[in-house]
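Residue numbers (the numbering used here): 3 to 139. Backbone N, C-alpha and C define an ideal beta-carbon position, used for all residues, glycine too. Computed from a prediction, not measured in an experiment: that's the story for all the values here. In what follows, a single structure is set out as structure tokens and then discussed.
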Ligand SMILES: [Fe+2]
């Protein structure tokens, strides 16, 4: 479990760097990061540019409650595998693993009391890779 958390933290740092550097990628097409084809965001959908709406997790915050939702069909052959909610320092608030037989890819998490700052939502599709969205709370 520690290895997975370390990997996730590293992935989020990479995703953050990728999001920040996306302006550079847009303005200088020769600039690339090693994560361009591994971590996808709204501004960096890579080869999945037609998949943003069905793979980028939405983040709804109501007080300390955060709901993640990926508007993606669920079947045994093609489904959302996992959601995570991560704080700006890499702390994993929680994760939910889905099965192809689940009705929808929706998860719910409680933020630490008084938390303010950026949160990251991840959603992993078994066919269309790892997606990250973010918001401020
Ligand atoms: Fe997918």
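| Item | Value |
| --- | --- |
| Enclosing alpha helix (DSSP H) for residue 109 [first to last residue] | Careful: residue 109 lies outside any alpha helix (DSSP H), inside the beta strand (DSSP E) at 107-112. |
| Continuous beta strand (DSSP E) assignments of at least 3 residues falling wholly in the region 42-120 | 60-64, 67-72, 82-89, 94-99, 107-112 |
| From 88, 135, 91, 84, residue whose alpha carbon lies closest to that of residue 106 | 84 |
| Whole-angstrom distance between residue 42 and residue 134, CA atom to CA atom | 6 Å |
| Three-way DSSP call (helix, strand, coil) for residue 139 in this model | coil |
| Residues that DSSP places opposite residue 134 in a beta bridge | 124 |
| Beta-carbon spacing of residue 139, residue 119 below 8 Å | yes |
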